[in-house]
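Visitor:
In the working numbering, the protein residues as written are 267 to 828.
1. Give the range of the beta strand (DSSP E) segment to which residue 906 is assigned.
2. The beta strand (DSSP E) that contains residue 584, what's its start and end?
3. Would you tell me roughly how many angstroms separate the C-alpha atoms of residue 534 and residue 476, rounded to the nearest one?
4. Could you pull out every residue in the same chain whose Cβ sits closer than 7 Å to the Cβ of residue 818, ignoring the five residues on either side in sequence?
5. Find out if the Cβ-Cβ distance for the pair residue 599, residue 626 is shorter than 8 Å.
6. Determine the closest residue to residue 518 out of 532, 495, 504 and 530, with distance taken between C-alpha atoms.
7. Quick one: complete beta strand (DSSP E) runs, 3+ long, within the stretch 342-406?
8. Go ahead and label residue 502 buried or exposed: buried means 16 or more other beta carbons lie within 10 angstroms of its beta carbon, across all protein chains shown.
9. Excluding five sequence neighbours on each side, which residues of the same chain lie with their C-beta closer than 6 Å to the C-beta of residue 529?
10. If residue 400 sits next to residue 422, beta carbons under 8 Å apart, how far is it from one beta carbon to the other, in whole angstroms?
11. Just to confirm the assignment, what range does the beta strand (DSSP E) spanning residue 432 have?
12. Where does the unbroken beta strand (DSSP E) through residue 602 begin, and where does it stop?
13. By Cβ distance, which residues of its chain are closer than 6 Å to residue 419, with the 5 residues on each side in sequence left out?
14. Taking 6 Å as the limit between beta carbons, can you name the residues of its chain near residue 456, skipping five residues before and five after?
15. Compute the Euclidean distance between the alpha carbons of residue 382 and residue 347, then round it to the nearest angstrom.
16. Taking the alpha carbon of residue 572 as the reference point, which residue from 550, 683, 328 and 513 has its own alpha carbon closest?
17. In three-state terms, what does DSSP make of residue 455?
18. Excluding the 5 residues preceding and the 5 following residue 323 in the sequence, name in chain order all residues of the same chain whose CB lies nearer than 8 Å to its CB.
19. Please work out which residues of its chain come closer than 8 Å, Cβ to Cβ, to residue 732, disregarding the five sequence neighbours upstream and downstream, and give them in chain order.
20. From this set, 592, 693 and 326, which residue's C-alpha is nearest residue 620's C-alpha?
21. From residue 637 to residue 788, what distance separates their C-alpha atoms?
22. How should residue 511 be labelled, buried or exposed, when 16 other C-beta atoms within 10 angstroms of its C-beta is the threshold for buried?
23. Using the beta-carbon count (16 or more within 10 Å), is residue 676 buried or exposed?
24. Starting from the C-beta of residue 484, find all residues in its chain whose C-beta is less than 6 Å away, skip the five residues before and the five after it, and write them out in chain order.
25. Compare the Cα-Cα distances from residue 433 to each of 450, 440, 446 and 411 and report the closest residue.
26. Do residue 714 and residue 747 come within 8 Å of each other at the CB atom, strictly closer than that value?
27. Please tell me whether residue 683 has its Cβ less than 8 Å away from any Cβ of chain D.
28. So for residue 658, helix, strand or coil by DSSP?
29. Determine the contact status of residue 581 and residue 558, defining contact as a CB-CB distance below 8 Å.
30. Residue range of the alpha helix (DSSP H) that residue 664 falls in?
31. Note the first and the last residue of the continuous alpha helix (DSSP H) segment covering residue 621.
32. Assign residue 298 to buried or exposed, taking buried as 16 or more other Cβ atoms, counted over all protein chains shown, within 10 Å of its Cβ.
33. Alpha carbon to alpha carbon, what distance is there between residue 734 and residue 711?
34. Applying the 10 Å Cβ sphere with the 16-neighbour rule, what's the burial state of residue 354?
35. Let me know the secondary structure DSSP gives residue 861 once reduced to three states.
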């Protein structure tokens, strides 16, 4: 009989070794033997994956989340384990995020050669990342975020050539970011390394990652400049390097990122200016964070053309000139922080942007503090959106009075108008700000009575109105502020009358009660002993009389008593 094997070498060799046996019988025997071989090979591989999982379990404490990992059930049914549909004995996913796991990561995980997803985020794992993970050639997603891993990123992770997502944020990793990531992992779309201790330069090789959409290196110790090679990536959507020691100018190539949605480089040592045509560069930009650097020049008016902009943070730079009067075109704007710059305004020009911002119906935060804004505070500020939660106007040259209708801003939680030349009275309408938590009106020239309507602010935690010209009695309605923990009315000099007993019944008043350097008179009420958690009490510079109440000894944490 002719010899035919057709590539099946194992069967062919067995057939040739059995002379005198019919071909049909031989083929039947061969099929049986082959099935045994396959079963043996499958069992061996299966045992290898199971052994790797058990080695992993042996090195962690699991808070009961791995209770299903026992011999009574096949490992493919264990918690967090998923096996292949085509190769039922091979593990393709291990996802145990947020399971309370603690301990070190077993190198045996590198034996799960069919693994595509490894997600152990939000646990309490520690130690170094095993270099053996570099053997996982089929791995697509590696997420070890929010643990306590230390040491360096293993260079041989760059052998995971199929990887698309690498997430190691919120750990204690250090050393340099391996250049090999950009040289070999050409499919990477996500790199998240924020909140670690990486040092050295941003590898220029990351510019080779043509699929990269998300790069977050925030809160590390990186130095040097931003590689211009990154601009060759036209798919970038989110770029974050805030809180590092990056210096130099922004490479012009970065403005080729037409798909960019988040650009955050705050708290570095960058300098330069914003291009005049930025409005035509980032049509999809939602977040622009340049705060805490050394940028200078004017804020380009074209920034108003980025209609998708939600977050604009330019705080603590050297920007100067007038704020673009067309910011109101940013209909999606929610956060605008222009604090700590050299921006200006006066009675003739510069305040137009406030009127324009009335069109921003979703505005939640407006910070204008620490600039050179001068002139009369525009009355149009009360037309800002009722969604506004924070308004900061301190450390400016503003004068005039607080607009009578300030109570229109019913969404305000924080209002700070301090260290200005504002005068006049505190408007009665301020009592309409029922969501107010912090009220700062210190170091101004405010005069007149403290409006009793302040007692309506039931959520108020702190009220600072020191260094002014307020007069008259302290309203007893302040005793309605049950959530108040700080009250400072010091150095108004013309506040008079007795201290309302109601104030000493505010049991949450724990940080400070400062009524010093006024013209208060009468005895110190015995109720002062009710403030058992008060840290600081200042009453000097008044005309108080009588003896100090014995109940004061109940204030067991009192640190300052004047």
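For every residue, glycine included, the Cβ atom is placed at its ideal position computed from N, Cα and C.
Guide: In brief:
1. Since the first residue of the chain shown is 267 and the last is 828, residue 906 is not available in this structure.
2. Element bounds for residue 584: 584-587.
3. Taking the straight line joining both Cα atoms gives about 26 Å.
4. Within its own chain, the residues whose Cβ lies closer than 7 Å to the Cβ of residue 818, once the five positions on either side in sequence are excluded, are 794 and 795, listed in chain order.
5. It is a contact, given that the beta carbons lie within the stated cut-off.
6. Closest option to residue 518, Cα to Cα, is 495.
7. If we require 3 residues or more, the beta strand (DSSP E) runs fully inside the stretch 342-406 come out as 347-349, 357-361, 368-370, 383-385 and 390-394.
8. Flag for residue 502 reads buried.
9. So the list reads 505 and 554, once near-sequence residues are dropped.
10. Yes, residue 400 and residue 422 are in contact; Cβ-Cβ is about 3 Å, under 8 Å.
11. 431-433 is the span of the beta strand (DSSP E), which, as asked, contains residue 432.
12. For residue 602, the enclosing beta strand (DSSP E) has its first and last residue at 601-603.
13. Spatial neighbours of residue 419 in its own chain (CB-CB distance under 6 Å, excluding positions within 5 residues in sequence) are listed in chain order as 444.
14. Once the five neighbours on either side are set aside, the close Cβ partners of residue 456 are 431 and 480.
15. Rounded to the nearest angstrom, the two C-alpha atoms are 12 Å apart.
16. Residue 572 has its Cα closest to that of 550, out of 550, 683, 328 and 513.
17. In the structure shown, residue 455 sits in coil (DSSP, three-state: anything other than H, G, I, E or B).
18. Excluding the 5 residues flanking it on each side, residue 323 has same chain C-beta neighbours closer than 8 Å at 332 and 335, in chain order.
19. Excluding five sequence positions before and after residue 732, the CB atoms of its chain that fall closer than 8 Å to its own CB belong to 708, 709, 754, 755, 756, 757, 758 and 780, given in chain order.
20. Residue 592 holds the alpha-carbon nearest to the alpha-carbon of residue 620 among 592, 693 and 326.
21. Their backbone Cα atoms lie some 43 Å apart in a straight line.
22. Residue 511 is classed as exposed because its beta carbon has fewer than 16 other beta carbons within 10 Å across all chains shown.
23. Taking every protein chain shown into account, the CB of residue 676 has fewer than 16 other CB atoms within 10 angstroms, so this residue is exposed.
24. Hits under 6 Å: 460, 506, 508 and 509.
25. Here the closest residue by C-alpha is 411.
26. Remark: C-beta atoms of residue 747 and residue 714 do not approach each other more closely than 8 Å.
27. Of the protein chains in this structure there is only one, and it is not chain D.
28. Reduced to three states, the DSSP call for residue 658 is strand.
29. Taking 8 Å as the Cβ cut-off, residue 581 and residue 558 qualify as a contacting pair.
30. Looking at the DSSP string, residue 664 is not in any alpha helix (DSSP H); the run it does join, the beta strand (DSSP E), is 663-667.
31. Where residue 621 is concerned, the enclosing alpha helix (DSSP H) stretches over 618-623.
32. Note that residue 298 has pLDDT 45, beneath the 50 cutoff, so the model's placement of it is unreliable and no number is given.
33. Between residue 711 and residue 734, the alpha-carbon positions lie close to 5 Å from each other.
34. Under a 10 Å Cβ-count criterion, residue 354 is classified as exposed, with fewer than 16 other Cβ atoms of the shown protein chains found around its own Cβ.
35. Any answer about residue 861 is impossible in this case: the structure gives the chain only from 267 up to 828.
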